[in-house]
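First the structure, in the form of structure tokens, and then the observations on it.
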Amino acid sequence: MGIRRAGAQGPAQDLQVSAMNDTLERVAEVIASRRGGDPDKSYVARLFHKGDDAICKKIGEEATEVVLAAKDIRIGGADNLRQKLVNETADLWFHCMVLLAHHDLSPNEVLAELARREGLSGLVEKAQRGIRGEHAD
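Here full-length UniProt numbering is used: the first residue of the sequence shown is 1, the next is one more, and so on.
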């Protein structure tokens, strides 16, 4: 195993994690319920209907908006700019969840991977991915 970093622990952290997992699970359920839905009545159904190229394009757009919002904070720093970063990040996460669902994956699989990496030195973890032949960006 790699070098472990200390992380937040205890009941308060457990409640935050539980609330986060519950939110992700509820959103994932709504996304899954839109599969096969009417593209004229549901944005998510429309994305599913268009396929992963359209979903990936949307993720690229949202990722760019996250980067721009972060740069705006660096320049201006106002609270409304900080909220814009939060909003754009939520959009990015949402569209990533749509892509996961499109490929029959769940946020729990991503959370499990994050848990596996938790506490590992980022440099050690990246080196391990390189050894296994995975993309190490």
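All C-beta atoms in this analysis are idealised placements derived from N, C-alpha and C, irrespective of residue type, glycine included.
Quick caveat, the model's predicted, so the values are computed rather than measured.
Identity of the residue in the options nearest residue i by Cα
i: V86; options: V98, I73 and M97; result: I73
i: G36; options: L105, G60, H49 and Q128; result: H49
i: E61; options: H95, D104 and A112; result: H95
i: V66; options: R117, N21, L111 and K84; result: K84
Buried or exposed by the 16-neighbour rule on C-beta atoms within 10 Å, applied to residue i
i: M1; result: Confidence is the limiting factor: at M1 the pLDDT is only 41, short of 50, which leaves the residue's position unreliable, though a coordinate-based value still follows. Exposed, by the Cβ-count rule.
i: K58; result: buried
i: E29; result: exposed
i: I75; result: exposed
i: D22; result: exposed
i: M97; result: buried
Residue i: first and last residue of the uninterrupted alpha helix (DSSP H) it sits in
i: E109; result: P107 to R117
i: R34; result: It is not in any alpha helix (DSSP H) - R34 carries neither H nor E in the DSSP assignment.
i: G60; result: D52 to I75
i: A78; result: It is not in any alpha helix (DSSP H) - A78 carries neither H nor E in the DSSP assignment.
Short Cβ contact (7 Å threshold) for residue i with residue j
i: residue 138; j: A63; result: With the chain represented from 1 up to 137, any question about residue 138 goes unanswered, as that position is not in the structure.
i: A90; j: I31; result: no
i: P107; j: L47; result: no
i: D52; j: A45; result: no
i: I55; j: L114; result: no
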